[in-house]
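These notes are about the structure you will find just below.
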Amino acid sequence: MLAAEPGVTRILTGGTDVMVQMRAGLAAPALVVDVKHLTGLRAITPEAGGYRIGAAVPGAVMGEHAGLRALWPGVVEGVELIGSTQVQGRATMAGNLCNGSPAADAVPGLVAADAVVRIMGVDGARDCPVIDIPAGPGRTTLAKGDIVTSIFLPARPARSGDAYLRFTPRSEMDIAVVSAAVSLTLGADGAVTAARVALGAVAPTVLLVDEAAQAIIGTRLDDAALAALAAACSAACRPIDDKRGTVAFRTQVAGVLARRAASIARDRAHSAGDAA
Amino acid sequence: MVAVVIWGSLRRFTDGKGRVEVEARTFKELLDRLSQDYPGLAPQITRGVSLAVDGLIYREAWFTAINPESEVVLMPYMTGG
Amino acid sequence: MPRDNNDTRVFKVVGTRPPRPDGIDKVTGRAMYGADVTAPGMLSAQILRSPHAHARIVAIDTAAAAALPGVKAIVTAADFMAQDDAGLDDILVNCMARDVVLYDGHAVAAVAATTPAIARAALKLIDVTYEALPHVTDVDAAMRPDAPVVQAGRANESVPAGMSPNVTHHCEFGHGDVDAGFAAADVIVERSFTTAATHQGYIEPHACLATFTGEDKADLWCCTQGQYNVRTVCAALMGMEASQLRVTASEIGGGFGGKTTVFIEPVALALSRKAGRPVKIVMSRDEVFRATGPTVSSSIDVRIGMTRDGRITAGEAVLRYSGGAFPCGTVDMGAQSAFAAYDMPAVRTLGWNALTNRPKEAAYRAPGAPMAIYAVESVVDELCQTLALDPLDVRLKNAARKGTLSSYGPTFDDIGLVATLEAAKAHPHYHAPLGPGQGRGLSAGFWFNFGGNTCVSLNINTDGTVGVTEGNPDIGGSRAAISQMAAEELGLPYEKIRTIVADTASLGHNDVTDGSRVTFAVGLATIKAAQDAVAKMCARAAAIWGIDPDAVEWVDGAAQPCGPNAGKFPPMSLAEIAAVSFQTGGPIAGHHEFNADGAGVSFGVHLVDVEVDRETGATKVLRYTVFQDAGKAVHPSYVEGQMQGGAVQGIGWALNEEYIYGEDGRLQNPGFLDYRIPVASDLPNIDTVILEIPNPGHPYGVRGVGETPIVPPLAALSNAVSRAIGLRLNRLPMSPPRILAALSGS
Amino acid sequence: MKTIQVSTTINGDATEFLCGPDESLLDVLRNRLGLTGVKEGCGTGDCGACSVTLDGRLVCSCLVLGAEAEGAQIGTVEGLAQGDRLHPLQQSFIDHAALQCGICTPGILVAAKALLDRNPDPTDTELRYWLAGNLCRCTGYDKIIHAVQAAARTMRETADAQG
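From first to last, the protein sequence lines stand for chains Z, P, V and E. Count along the first sequence starting at 1, add 401, and that's the number in this note's numbering. Count along the second sequence starting at 1, add 70, and that's the number in this note's numbering. Count along the third sequence starting at 1, add 1, and that's the number in this note's numbering. Count along the fourth sequence starting at 1, add 267, and that's the number in this note's numbering.
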């Protein structure tokens, strides 16, 4: 149906972006497909030690899922930062990804988690890493007729943790001026054995900063390692000046947030280890 | 005679004087005499002025009595929020 | 007017906290606001707005829109008559651009159609040919002689020759020998400041419903702070007689000064006249930001001299304001109020207004004062730091008080500044310890307060209840306060009074709800109307008793003979007199109409603690206390509410709120997402301390309280942030990127 | 454009309406069903004045399509009071002067009720973050926070007395 429609199409899950675009005249879709009642799209399902999250699961439901929170707290806190309580009742992680905003709160956490998107296309289902979905502001690599049906968050080793931080001028009701997500795993000796660091709102798409990960792998996140992490993040930034922030601000604060997120992720990894 | 304090930017129209004397017993008489004696003040008076008499601000009241010993200060007409 | 012995008067109702009369309607969703009414056959209208900051309108082709099924009327500037009065013509041109669009969002045409969707579709079919003109949105840039000219020939006689044509107005205030004052100073600090334009941010967008009956008679329902002003302006613009235009004020969803003028009402009237059907216009939030009336933006220089022991010797300020694309006199009030809190031997303030390609300024809470006082209070604070003096002691040492020659001319009568400063000094907040990265700031604030034209009717019902009819939309609980004053004066319980806001056909003129005037002026008129009714009731009792009316007095809600010589009769209550009113001469009512003066100025002092994250530039407000002189707080809860609400608006102005224009002169943040008014989680509780220094101009001592609270937060926050980070920011808002940039540059 | 027929339940009452496929639930409630207690402050989900509950979840009705109400349970401010008996939150807002102009009040009441239904004893911080999506420009939020906490106390006491 979507593929057959010659005009603009929009897929509605929570509607918190699509409705605003329609009202502002930014989008005048010929076809809006509400998919939230399709079977499976509203479920959080355990799978291979991880969780498969249906595309129509709103943020508030993710926040209320104890198992998901325990496994991927950073991903959940990113999703929970999308909008107000009211928006949380509607907005979905998949919608946040497909909207294509470089500042999307859910996306850095998903990239740091190496999450995988399941797409139903004209030729059937396929899987794709989250990092490959965004193509630029308001654009994705999804083809017409593609529908994201779920996002898979994998199982993780013991002593793993993740965290997401964003900067906004207000405490709530804001778009990230800059954001950072860190996912890491500690060895038994407390040193970082694996890490992924992602930055939001500092480039046309979310950035996965390998240099930042390398800066902390093998360390115990001492001050020097954290400083190196921050420096690597700042170095990777390619932001713009706009009404929400400046190049200098985004570049500097990206490093600060990554450093703080890494510390939180480490603390979570320690307690995850204790629990296990 | 009443001594009227004129605000700074109006002094261009009162020969540089910050205080002018006019014969007036009320707000209205004072405005009429000022416009007559100092025609350069007329546009501002038409736009609107307030008058502080002994510290109380009157925005329009023509018949406000003015005593010779009163402190009389001309002010712009004010609008608020 | 002499006040009662209100130092000793014991109030029964005034000063209590009864439930507001409109409370139930507002918590159940029944209250009717601007957008909540419909009419049979009603059309919906939409307004086409300029995408350009400045452009000539070469042509407007509405043929395709007019041909769209469902479109019933289209208006452009050609449908309105130019006005002889320049002020009225500016209002008209602001509602509908004539020949030239002057700012992004300026209206160029409007369509009324059977549904909003059809009206929106019709807008897309209107073909406007623009010829872009150079634009300017910054006040300092606009004042340069070679600046793009927004409008030529708009300067008044106050402007000296040789200025940029954008300069429309100039003023100067002050007294004393400023040069000698600076020569006597041990330290002189001179700084330059800028403040962004901000918006009142009321949550209810402007809305109205206009219904023409025939060519010359109409009804208008709208959310406004002043239905009489709407009538005066709209009748003139429509070429109608005032009596034929009845304006009813809806419940109003916030105004703060922004609803003291008209934007959509004349457009709705014109469309309704043309279509012969009721027409409703509801602005979108985008339209509210782009095309209603934000504050002035400002650029200010302040210079203050002080002796080593903290005595101010002289002060000087130059204020450059822009009220947008039309002449604006708001700088007058900034220049008058800048130094109002100080007793100064020498002071001079110069004000300039310049045109820019921005929307026409409207009033916003103490218009003109917050930015001027921000600049002065920042320099005073820096002097205190430089001289290692306590900022409250310095303000007390230099505080204006009774007998002080004010910076704007008159000598102050009883004012509450010293008491307010002393209350702040004695408060635990001022002495609480601060943690690392934290700073405490304070600022004084001032507003004039107005009285104004007021008309009140008070009707004694035969069952002993009372109706008060007043003409000022209630934006903060004023109906409760007015009912309280009527109850107090009549000696009745509060519950026996019902106060309503009348339409323009039902009561004489009332000035708009502005200048913190309502509780003062309408309250005063209500007291006078009650006294009028009391005199009539005493006369009825006297007639019943067969004694002289002068021998009757009103005590505790009843007429009684005054003294044993007057005769011996049991008191007659209001209800008893009312019950026989038809037999004793007919209905009983009290009235009062006047132009109230004697409003009494108001001072406040705010204390704030903040914590600044030095790595991100984020400021968190930790603790906030407002001290303000209310004269007499009629309903203390709503006095506190004014103080808290004003403080939080000021916090927003200081930290995040601003109109952001792009290089193209278009507004970049016309929505609540990027125009960041404070949200609940940004704030601590806002503590309040009400002082009651009676206003000599009111029988209960009431002063207006609504506007002063927005004045101090700007400098209080700036001083707190400056002390927290050890650096001064001289630009508002102090958004995180600016704070971080300042820290990085140090 | 073709209209859609929708069957839904609003404040407990079965309701049917027709709406356009692009029409928001907010417009349906206000313009088609006369529930003007639901207010529009922005139309973009940034102010919370149009807050309603949709199957128990707090949402901005401006961000919901009317058609999505099919088979759902909608709750608005008009459904808070039981006859002429105000909900404790409504009474508390009057008693604590928690409204000035009142335009944000319906949305805040619906939002606060949604919180207290889940968490009868929130901290001030939890309450302030929960209500961050409801803008109020008059009060500075202080009296709103106090009023909700007072109502929460009343509701807990009532629940204890009944329990």
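Every residue gets a Cβ at the ideal spot worked out from N, C-alpha and C, and that includes glycine. Given the structure is predicted, the values throughout are model-derived calculations rather than measurements.
Residue state for SER165 of chain V is assigned as coil, using DSSP reduced to three classes.
Neighbours of GLU481 of chain Z in chain E, taken as residues at a C-beta separation under 8 Å, are lacking, since the least C-beta distance is about 10 Å. Interface residue (Cβ-Cβ distance to chain V less than 8 Å): GLY588 of chain Z is not classified as such. By the Cβ test, the segment 436-445 of chain V is not in contact with the segment 576-587 of chain V, since fewer than three Cβ pairs between them sit closer than 8 Å. Sequence-distant partners of ARG232 of chain V (beyond 5 residues in either direction) whose C-beta falls short of 7 Å from its own C-beta, in its chain, are ALA243, LEU246, VAL248, THR505. In this structure, DSSP gives ILE498 of chain V an extended state, which the three-state scheme calls strand. Remark: three or more beta-carbon pairs, one from each stretch, lie closer than 8 Å, so the segment 54-71 of chain V and the segment 102-112 of chain V are flagged as touching. Taking the beta carbon of GLN669 of chain V as reference, the chain Z residues within 9 Å of it are ASP643, LYS644, listed in sequence order. Residue contact check for THR311 of chain E against chain Z: a CB pair falls below 8 Å. Take the alpha-carbon of THR225 of chain V and the one of GLU252 of chain V: they are about 9 Å apart. With contacts defined by Cβ atoms closer than 8 Å, GLY632 of chain V and GLU693 of chain V form a contacting pair. Remark: three or more beta-carbon pairs, one from each stretch, lie closer than 8 Å, so the segment 173-181 of chain V and the segment 343-355 of chain V are flagged as touching. At a cut-off of 8 Å between beta-carbon atoms, LEU126 of chain P makes contact with chain V. Going by beta carbons, GLN650 of chain V and ILE687 of chain V fall outside the 8 Å limit. For the pair of segments examined, the segment 197-211 of chain V was found not to touch the segment 302-314 of chain V: the number of CB pairs separated by less than 8 Å stays below three. Between CYS634 of chain Z and ALA613 of chain Z, the CB-CB gap stays under 8 Å.
Contact between ARG103 of chain P and ALA94 of chain P is confirmed by a C-beta separation of about 5 Å, below the 8 Å threshold. Here SER551 of chain Z is buried. Its C-beta has 16 or more other C-beta atoms within 10 Å. At least one beta carbon of chain Z lies nearer than 8 Å to the beta carbon of TYR396 of chain E. Distance between TYR396 of chain E and SER682 of chain V, taken at the CA atoms: about 5 Å. Taking a contact as a CB-CB distance under 8 Å, the pair SER338 of chain V and GLY369 of chain V counts as one, their CB atoms being some 7 Å apart.
For chain V, the residues of the segment 120-149 of chain P that bring a beta carbon within less than 7 Å of one of its beta carbons are ALA122, GLY125, LEU126, ILE127, TYR128, ARG129, GLU130, ALA131, GLU141, VAL143, MET145, PRO146, MET148, THR149, in chain order. Cβ contact annotation for LYS621 of chain V (same chain, cutoff 7 Å, sequence separation greater than five): VAL611, GLU612, in chain order. Ranked by Cα distance from ASP310 of chain V, the first of V:ASN399, V:GLU362, V:GLY254, V:SER323 is V:ASN399. Around GLY202 of chain V, the same chain offers ILE678 as residues with beta carbons nearer than 6 Å, after the five sequence neighbours per side are excluded. Three or more beta-carbon pairs separated by less than 8 Å link the segment 453-463 of chain Z to the segment 474-493 of chain Z, which places the two stretches in contact. Just so you know, the alpha carbons of LEU270 of chain V and GLY672 of chain V end up roughly 27 Å apart. Chain order gives the chain P residues near THR412 of chain V as ASP124, GLY125, GLU141, where near means a beta carbon separation below 8 Å. Following the DSSP letters along the chain, one finds ASP280 of chain E inside the beta strand (DSSP E) bounded by residues 280-286.
Interface flag for GLY86 of chain P against chain V is unset, since no Cβ pair is found closer than 8 Å. By the Cβ test, the segment 728-747 of chain V is in contact with the segment 368-386 of chain V, since at least three Cβ pairs between them sit closer than 8 Å. Residue pairing by DSSP places HIS170 of chain V opposite V:ASN354 in a beta bridge.
The C-beta of ILE204 of chain V comes closer than 8 Å to at least one C-beta of chain E. The closest CA to that of ASP624 of chain Z, considering only Z:ARG661, Z:ALA599, Z:ALA526, is found on Z:ARG661. Those residues of the segment 562-589 of chain Z placed with their C-beta closer than 9 Å to a C-beta in chain E are ARG571, SER572, GLU573, MET574, ordered along the chain.
Judged by their CB atoms, THR689 of chain V and HIS428 of chain V are not nearer to each other than the 8 Å cut-off.
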